[in-house]
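Just so you know, the protein sequences line up as chains W and Y, in that order.
Sequential numbering of the first sequence, starting at 1304, is according to my numbering.
Sequential numbering of the second sequence, starting at 1304, is according to my numbering.
There are 2 protein chains.
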Amino acid sequence: MDFFERTGKMAIGSRLRVLTETLTRDAASIYGLYGVGIKPKWFPVFYSLTDEQPKSVTAIAKEIGQSHPSVSTIVKEMIKAELIMEVDGKADRRCTLITLTESGKSLSQELIALLRDVERAVEQISSECDNDLWAAIADWEKALGRTSILERVREIKARREHSEVQIVEFQPQYKKAFYELNRKWIELYWELEPHDIEVLENPEKHILDKGGHIFVALYNGFPVGVCALCPMPEESAYDFELAKLAVNNSIQRKGIGRRLCDAVIDKARELGGEMLFLESNTRLKPAIALYRKLGFKELPEYHPAYARGDIQMELTL
Amino acid sequence: MDFFERTGKMAIGSRLRVLTETLTRDAASIYGLYGVGIKPKWFPVFYSLTDEQPKSVTAIAKEIGQSHPSVSTIVKEMIKAELIMEVDGKADRRCTLITLTESGKSLSQELIALLRDVERAVEQISSECDNDLWAAIADWEKALGRTSILERVREIKARREHSEVQIVEFQPQYKKAFYELNRKWIELYWELEPHDIEVLENPEKHILDKGGHIFVALYNGFPVGVCALCPMPEESAYDFELAKLAVNNSIQRKGIGRRLCDAVIDKARELGGEMLFLESNTRLKPAIALYRKLGFKELPEYHPAYARGDIQMELTL
DNA sequence: TCTAATTGCGTAATTAATTACGCAAATTTA
DNA sequence: TAAATTTGCGTAATTAATTACGCAATTAGA
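Dropping the structure here:
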């Protein structure tokens, strides 16, 4: 299949399925060729019983790597075909112990020639191939047993996204981004107020010059998120406030908010802060969830400072 | 799966199916991880359309190696999801040309990162494996494209069975087998007559000493079939008669009858015969079919010589 | 040019697997 | 020892593929 050379490895499942389908169809014909009344899907169950030890449905399922309802159905079919039968195991009355019947045993004798011929055919195919499919499958099973492909992809994605996003300190060229990113989310729920505009237009005056910090998240060099660490008034119980968190909502699920907050918290610690404060609104569910995850605790009483606030939180650094 | 190391290669289909199932399940989760609204089974169809060329259902099916009803169903689902749409091809009104919608195209952009990450994950797995699964699948596809596993097995079986069966000339130790093999099939339909017994008990006198030959088929050294070449009377239009063909019916479908007849015909030619005669009964359908396949033609009129006969045939050597 | 064969593709039925769920038996725990 | 949890396994529903079949459009052939 030339096609799969173009798709890349994402399609390995589909490609395997096509190959499996071909092999299963041929397997059915091969059983016919030898006059063996057995379906391809029966084979693993049948084979697992050829060691003549009675086994339970679940035990067979585990051994052959299929689900137990699948084995249960196959067992029912094979009992009807009189190849296997139930025996009393006495011990555990939940189990139905299964074993080969006499005709099942004689079938396993007949199968010997078939298995040998198939083995030869596969050897013939292998000799025409540079790569050993059988061994490759075993390798993959082992590798996937250690770490699934899903986990691997998850990790690779996280690593890539981490490297795509850079957290830097505020610089004049990000002034517009600081304004716009905040304006956008505020306007989603409320309206910009004169006070907002004053602060957002003059971050140097209101934040940086007072000893605060602003962090900017760059996604491939482009500013997509901001967050500020603002010193609190002397008389306050808190050293700093986490404020003006804003992330471009077209770049979601990359942990940008999290990394901005981390930067703010780290800086607060670096500056010797002991308690960090924030004020938000419970309508901003993802933000509140993030704050909670970072360890912020909700203050029992709310003393409004902003028009938009309805929740205050604190974090012991 | 340790299990499959014990089953031998017959279970390669089952083993692949288990692996495929695992990979497909993970694929679904991976799409979820990237917020891509696509099912694993859609992927081949989707990918085949990313070259931006409108394609018909059958063309896609052929390209991705699946049946057209399968593609037809997937197409219906993907149209509903607004990833693809039908376009007018003008040319052939049987075809429904399919192409990506705008949202389908933008999805294909989003997929780029996903595909790259998966590619990396597969590379990571490959680096842990001694054998290259991807290349091995390609090798197998190529090898099976040349000759299917079914054809290979068929050939191996024929070769093995041929070597298991040996055709030898009569020897005294096969006298009992000559009698018994003939007795058995005759008694299936008729009864042994005194004339039968006389000939079967004294093959030397009635066949060999008159210049005839008897061939014995040995299956793993054990006699399982016989056939005789008997000279015809001087006044007859025929040189020889093929007679006393009998094969143990528990060893079927191995071409033993065929090989006995071949030996008889070869010997008749060797002895300078020009016309070979035989007499049989139409109830013996497999035998008549074999004679026809060997080139025997039915004589238009029947002049009985045996009580059991109802058909006579001849072969020009 | 008309008929027969082929091609495209949709629907229905079938197959082989899976998950979801529930009941009964056994085991663990408090 | 009684209650809660776990285990075994069967049934039902779902999923993703397949073959079978039939209709309409096109192409080949006489």
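Idealized CB from N, CA, C, for every residue including glycine.
Note that this is a predicted model, so its numbers are computed, not measured.
Neighbour-count burial assignment, residue i, 16 or more Cβ in a 10 Å radius
i          : result
Thr1376(W) : exposed
Asn1523(W) : exposed
Asn1551(Y) : buried
Val1321(Y) : buried
Thr1619(Y) : exposed
Arg1586(Y) : exposed
Asp1433(W) : exposed
Pro1347(W) : buried
Val1527(Y) : buried
Gly1407(W) : buried
Phe1525(Y) : exposed
Ile1367(W) : buried
Ala1461(Y) : exposed
Ser1317(Y) : buried
Pro1343(Y) : buried
Ser1409(W) : exposed
Leu1563(Y) : buried
Asp1305(Y) : exposed
Tyr1334(Y) : buried
Asp1613(Y) : exposed
His1465(W) : exposed
Asp1391(Y) : exposed
His1606(Y) : exposed
Tyr1350(Y) : buried
Leu1491(W) : exposed
Lys1383(Y) : exposed
Opposing strand residues paired with residue i [DSSP bridges]
i          : result
Pro1343(Y) : None; Pro1343(Y) has no bridge partner.
Gly1528(W) : Ala1520(W), Val1550(W)
Lys1600(Y) : Glu1617(Y)
Leu1579(Y) : Phe1543(Y), Leu1618(Y)
Val1468(W) : Tyr1522(W)
Cys1533(W) : Glu1544(W)
Through-space distance from residue j to residue i, alpha-carbon basis
i          : j          : result
Arg1455(W) : Ser1583(W) : 36 Å
Thr1596(W) : Ile1452(W) : At residue 1596(W) the sequence reads Lys, which differs from the Thr that was named. Each residue's alpha carbon lies about 28 Å from the other.
Ser1411(W) : Arg1397(W) : 28 Å
Ala1540(Y) : Gln1615(Y) : 13 Å
Ile1428(W) : Trp1443(Y) : 7 Å
Glu1573(W) : Glu1601(W) : 24 Å
Ser1370(Y) : Val1567(Y) : 50 Å
Leu1545(Y) : Phe1307(Y) : 51 Å
Glu1494(Y) : Arg1611(Y) : 10 Å
Asn1505(W) : Ala1531(W) : 13 Å
Val1421(Y) : Tyr1594(W) : 32 Å
Glu1405(Y) : Gln1555(W) : 22 Å
Thr1325(Y) : Ala1394(Y) : 43 Å
Tyr1482(W) : Trp1345(Y) : 42 Å
Ala1266(Y) : Val1529(Y) : Since the first residue shown for chain Y is 1304 and the last is 1620, residue 1266(Y) is missing from the structure and cannot be characterised.
Ile1363(W) : Glu1389(Y) : 48 Å
Leu1548(W) : Lys1513(W) : 18 Å
Lys1557(W) : Val1374(Y) : 34 Å
Lys1478(Y) : Ile1559(Y) : 19 Å
Lys1508(W) : Pro1497(W) : 16 Å
Phe1518(Y) : Ile1440(W) : 50 Å
Gln1474(Y) : Ala1331(W) : 42 Å
Arg1486(Y) : Asp1569(Y) : 26 Å
Lys1445(W) : Gly1338(Y) : 29 Å
Arg1457(W) : Leu1336(Y) : 8 Å
Val1378(W) : Pro1372(W) : 10 Å
Ala1590(W) : Arg1561(W) : 9 Å
Closer than 8 Å: residue i CB and nearest the ligand FMN heavy atom
i          : result
Arg1572(W) : Ligands in the displayed structure: none, and consequently the ligand FMN is not present.
- [ ] Could you list the residues in the region 1320 to 1338 of chain W with a C-beta less than 8 Å from some C-beta on chain Y, going in chain order?
- [x] Arg1320, Val1321, Leu1322, Thr1323, Thr1325, Leu1326, Thr1327, Asp1329, Ala1330, Ser1332, Ile1333, Leu1336, Tyr1337, Gly1338
Task: Members of the region 1432 to 1443 of chain Y near chain W, C-beta cut-off 8 Å - done: Cys1432, Asp1433, Asn1434, Asp1435, Leu1436, Trp1437, Ala1438, Ala1439, Ile1440, Ala1441, Asp1442, Trp1443
Open item on the list: At a CB distance below 8 Å, what residues from the region 1522 to 1536 of chain Y approach chain W? Give them in sequence order.
Closed with: none
Open item on the list: Report the start-end ranges of each alpha helix (DSSP H) in the region 1357 to 1430 of chain W that is 4 residues or longer and not cut off at the edges.
Closed with: 1360 to 1367, 1371 to 1383
Task: Interfacial residues, the region 1556 to 1589 of chain W to chain Y, with Cβ spacing under 8 Å - done: Arg1556
TODO: Scan the region 1305 to 1320 of chain Y for residues whose Cβ lies nearer than 7 Å to a Cβ of chain W and list them as they occur along the chain.
DONE: Phe1306, Thr1310, Gly1311, Lys1312, Met1313, Ala1314, Ile1315, Gly1316, Ser1317, Arg1318, Leu1319, Arg1320
- [ ] May I ask you to list, following chain order, the residues of the region 1438 to 1472 of chain Y that have a beta carbon less than 7 Å from some beta carbon of chain W?
- [x] Ala1438, Ala1439, Ile1440, Asp1442, Trp1443, Glu1444, Ala1446, Leu1447, Ser1451, Ile1452, Leu1453, Arg1455, Val1456, Arg1457, Ile1459, Lys1460, Arg1463
Open item on the list: Can you pull out the residues from the region 1401 to 1431 of chain W whose beta carbon lies closer than 7 Å to at least one beta carbon of chain Y?
Closed with: Leu1418, Asp1420, Val1421, Glu1422, Arg1423, Ala1424, Val1425, Gln1427, Ile1428, Glu1431
Task: Interface residues of the region 1364 to 1393 of chain Y facing chain W [CB-CB below 8 Å] - done: Glu1366, Ile1367, Gly1368, Gln1369
- [ ] May I ask you to list, following chain order, the residues of the region 1341 to 1364 of chain W that have a beta carbon less than 8 Å from some beta carbon of chain Y?
- [x] Pro1343, Lys1344, Phe1346, Pro1347, Tyr1350, Ser1351
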